[in-house]
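Chains as they are written, first to last, in the numbering used here: chain A, 1 to 224; chain B, 225 to 304.
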């Protein structure tokens with residue numbers, strides 16, 4: 001299993017992500033944003049979290065102009081699996097690989113803490129080891145995580161089981177930290193090969209550090 | 225030529241920053257304030273002589289990068 005991890009100037013979760021996938025036994029490679037191709041035999045590309053280009057203009061906006069994004073679009077359009085975490089999710093919506101957009105948090109605060117999430121759909125590669133309705137505990141750390149999509153787009157997400165995760169309390173009841181529409185924390189594209197979420201599963205790999213729920217999520221990409 | 229681009233959240237998309245500024249102004253006695261929207265202004269110097277060409281190029285820039293048309297609208301003003 002070979003995982004490519006995209007690095008822009010300002011990305012800061014690439015080594016956490018690399019550590020997480022290495023711990024799962026994957027071969028990993030960091031892909032500098034100036035590269036214009038995805039290495040042959042890559043099974044998954046992760047667009048890691050951070051603050052690409054200092055979040056200038058809009059989070060993820062300038063990153064979408066990087067050479068690697070053209071290659072990533074092509075990779076995704078050919079069915080390649082892509083996971084965007086936090087800033088990576090913002091980059092994927094800006095690029096148009098995922099629908100909707102991420103706005104400034106409703107309360108305007110940067111939020112950094114553990115948060116419970118409910119698994120809404122598990123009929124996909126990413127969450128196939130989770131059960132529907134299960135509550136996981138994953139850290140969030142973002143300023144622009146307020147998911148928005150127009151009415152028609154939301155209908156499509158529902159119709160095709162593209163809403164992956166919602167922010168909840170530990171009992172699975174809606175608990176919305178940032179104003180996201182329907183408390184949405186993560187989605188996938190219609191073909192279910194491109195995934196994006198604001199929470200950080202790569203930071204939830206050891207129960208000693210608060211939670212290892214992220215391990216089960218990332219394991220979904222193994223042996224597919 | 226100079227292009228002035230104003231980018232704002234679309235009507236119907238909640239502008240949390242605008243609301244926060246509005247509450248702050250109301251709290252400071254500016255009672256006549258009814259609504260506040262916060263956006264951004266981008267000023268571009270261009271080597272162009274034709275207003276129509278400049279407008280078309282800036283519109284393309286807005287669609288490609290300067291605005292996220294899922295949530296934002298833009299206005300372009302060209303100054304010769």
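A virtual CB, placed ideally from N, CA and C, is assigned to each residue, including glycine.
| Check | Outcome |
| --- | --- |
| Selection of the stretch 86 to 110 of chain A by Cβ proximity to chain B, strictly under 7 Å | 94, 100, 101, 103, 104, 106 and 108 |
| Exposed unless 16 or more other CB atoms sit within 10 angstroms - verdict on residue 156 of chain A | exposed |
| Closer than 8 Å at the beta carbon, the chain B residues around residue 61 of chain A | 289 and 292 |
| Beta-carbon proximity list for residue 120 of chain A, same chain, < 7 Å, skipping 5 on both sides | 163, 164, 165 and 166 |
| Distance, residue 50 of chain A Cα to residue 15 of chain A Cα | 11 Å |
| Range covered by the alpha helix (DSSP H) that runs through residue 68 of chain A | 67 to 77 |
| Chain B contact for residue 148 of chain A (CB, 8 Å cutoff) | yes |
| Secondary structure of residue 91 of chain A, DSSP reduced to three states | helix |
| Burial state of residue 53 of chain A, where buried means 16 or more other Cβ atoms lie within 10 Å | buried |
| CB contact check: residue 237 of chain B to chain A, cutoff 8 Å | yes |
| Beta-carbon proximity of residue 7 of chain A to residue 48 of chain A, cut-off 8 Å | yes |
| Under 8 Å from the C-beta of residue 179 of chain A: neighbouring residues of chain B | 238 and 240 |
| Within 8 Å, strictly: CB atoms of residue 194 of chain A and residue 29 of chain A | no |
| Pair within 8 Å by beta-carbon distance, residue 115 of chain A and residue 219 of chain A | no |
| Given 8 Å, three or more beta-carbon pairs between the stretch 179 to 188 of chain A and the stretch 23 to 42 of chain A | no |
| Straight-line Cα distance separating residue 249 of chain B from residue 306 of chain B | What is shown of chain B runs 225 to 304, which leaves residue 306 of chain B out entirely. |
| DSSP three-state assignment for residue 123 of chain A, whether helix, strand or coil | coil |
| Pick from A:95, A:78, A:136 and A:197 that is closest to residue 211 of chain A, judged by C-alpha positions | A:136 |
| Three or more C-beta pairs below 8 Å linking the stretch 34 to 48 of chain A and the stretch 86 to 95 of chain A | yes |
| The stretch 53 to 68 of chain A in contact with the stretch 169 to 178 of chain A per 3-pair CB rule at 8 Å | no |
| Beta-bridge pairing of residue 141 of chain A - partner residues as DSSP gives them | A:112 |
| Where residue 286 of chain B falls: helix, strand or coil (DSSP) | helix |
| Counterpart residues of residue 7 of chain A in DSSP-defined beta bridges | A:32 |
| Below-8 Å beta-carbon distance, residue 65 of chain A vs any chain B residue | yes |
| Straight-line Cα distance separating residue 280 of chain B from residue 261 of chain B | 26 Å |
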